[in-house]
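> One structure coming up, written as structure tokens, with questions to follow.
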Amino acid sequence: MTSAVVRELSAELRGFREVQTLAYECAEAVAAQLKPGVTEREAARMQREWLRERGVRDWFHLPFAWFGDRTAFTGFRIPLQFFPTNRRLEAGMPFILDMAPVFKGYTADIGYSGCLGLNPLHDKLLADLEAHRELILREVRERRPLREIYESVDRLMVRQGYANRHRAYPFGVIAHKVDRVRERRLNPTLFGFGTQSLKGLASDALHGHRDGWSPLWSPYRFSDHPPQPGLWAVEPHLGFRGTGAKFEEILVVTDSADPEESAFWLDDDLPHVRRWAEGI
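If you want my numbering, it's the position in the sequence shown, counting the first as 1, plus 577.
Okay, structure coming up:
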């Protein structure tokens, strides 16, 4: 059972936690306003507007919203299919809100799974995600190669009876590094991604290639290395017959010899963690 851990954070980590908290507050506020007939595009716009009203001016990526079988990425073949559509929400339909704001130079990338009304299957997927959060933390602390941890997640999904839907993301990633972003007056986006954030990820990729690691956590050979210290936005994504669910949050990896401090989730006071603690 996941339990909350109280940990003193550095000013740097408090900055990342602040923007992650803000993003989850946005997700909960928008989810509470969703009703039958709302489109994915409208839900994405609601996220953008809520965050902009609170000072967000830059993004790792602009907000996404997926409804119904699109929560399981059914039929997704090309990146453009990830962008919000005119799919309308219906009663009993699952949804995922995904946003990556930059605030005061700190980045978050979060995924929030919900459902408009009762859906026992969706509840089961959400409950079964808890084991993935525990597995990922345990094996990162064991310093197993990222590629092996990815395979462990795959095996757990198979045992649970689910399909791995994060394989549908570009490069099949389950996670990527996040960093500070230099604040600028103009913050353009390219294909929905903030250009400053893309530059940072490209810089990490260049340095990592030289030193034998990658900022992308994937099932491929370039992720065949131990966890690199830094902050990782981790998003295990389960799918079953047109229903998908995931969480996404920041995992902190350090070079500490103390297992408890070598890796930890940035915040245990998040909607999905509270849900598990309450036994919902």
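Built from N, CA and C at the ideal position, the CB exists for glycine as well.
Using the C-alpha atoms, what's the distance from Ala600 back to Phe768?
Below a pLDDT of 50, predicted positions are generally treated as unreliable, and Phe768, at 47, falls in that range; the measurement from the model is reported next regardless. If you take the alpha carbons of Phe768 and Ala600, they lie about 21 Å apart.
> Quick one: give me the first and last residue of the alpha helix (DSSP H) that Lys612 is part of.
Per DSSP, Lys612 belongs to no alpha helix (DSSP H) and is neither H nor E.
> Given a threshold of 16 other Cβ atoms within 10 Å of its Cβ, counted over all protein chains shown, does Val607 qualify as buried or as exposed?
buried
> Is it buried or exposed, Gly821, if we count other Cβ atoms within 10 angstroms and call 16 or more buried?
buried
> Pairs of beta-carbons, one from the stretch 636-649 and one from the stretch 669-679, closer than 8 Å: are there three or more?
yes
> Could you tell me which uninterrupted alpha helix (DSSP H) segments, each at least 4 residues in length, are contained entirely in the stretch 610-648, listed from first to last along the chain?
617-629
> Judging by CA-CA distance, which residue of Leu698, Arg634 and Ser729 is the nearest neighbour of Ala708?
Ser729
> Whole angstroms are fine: how far does the CA of Pro640 sit from the CA of Ala621?
Answer to the nearest angstrom: the Cα atoms are 5 Å apart.
> Tyr727 lies in the alpha helix (DSSP H); which residues open and close that run?
Leu723 to Gln737
> Is the distance from the Cβ of Pro813 to the Cβ of His743 below 9 Å?
At a Cβ-Cβ threshold of 9 Å, Pro813 and His743 count as neighbours.
> Could you give the distance in angstroms between the alpha-carbon of Thr616 and the alpha-carbon of Pro836?
So the alpha carbons of these two residues sit roughly 45 Å apart.
> Taking the alpha-carbon positions, what's the Ser587 to His638 distance?
26 Å
> Considering just the uninterrupted stretch of the beta strand (DSSP E) at His752, what are its terminal residues?
The residue you asked about is not His; residue 752 is Ala in the sequence shown. That run of the beta strand (DSSP E) goes Ala752 to Val755.
> Count the other CB atoms, across all protein chains shown, that sit within 10 Å of the CB of Ile655; report buried if there are 16 or more and exposed otherwise.
So Ile655 counts as exposed.
> Going by beta-carbon coordinates alone, are Arg807 and Asp845 separated by less than 9 Å?
First, the amino acid is wrong: residue 807 is Gly here, not Arg. Not in contact: Gly807 and Asp845 (Cβ atoms no closer than 9 Å).
> Can you round the beta-carbon distance between His849 and Phe817 to whole angstroms, since I take them to be within the 8 Å contact cut?
Going by Cβ atoms, the distance from His849 to Phe817 rounds to 17 Å, so no, they are not a contact pair.
> DSSP three-state call for Thr598: helix, strand or coil?
helix
> Grouping DSSP H, G and I as helix and E and B as strand, with all else coil, what is Val758?
coil
> Short of 6 Å in beta carbon distance, which residues of its chain neighbour Glu855, apart from the five on each side in sequence? Order them along the chain.
none
> Per DSSP, Pro603 is paired with what?
The residue you asked about is not Pro; residue 603 is Cys in the sequence shown. Answer is none; Cys603 lacks a bridge partner.
> Using a Cβ-Cβ cut-off of 6 Å (strictly less than) and excluding sequence neighbours within five positions of Ser774, which residues of its own chain qualify?
At Ser774 the pLDDT is 48, less than 50, meaning the model places this residue with poor confidence and gives no usable figure here.
> Please name the residue in Gly738, His753 and Ala604 whose C-alpha comes closest to that of Arg724.
Among Gly738, His753 and Ala604, the Cα nearest to that of Arg724 is on His753.
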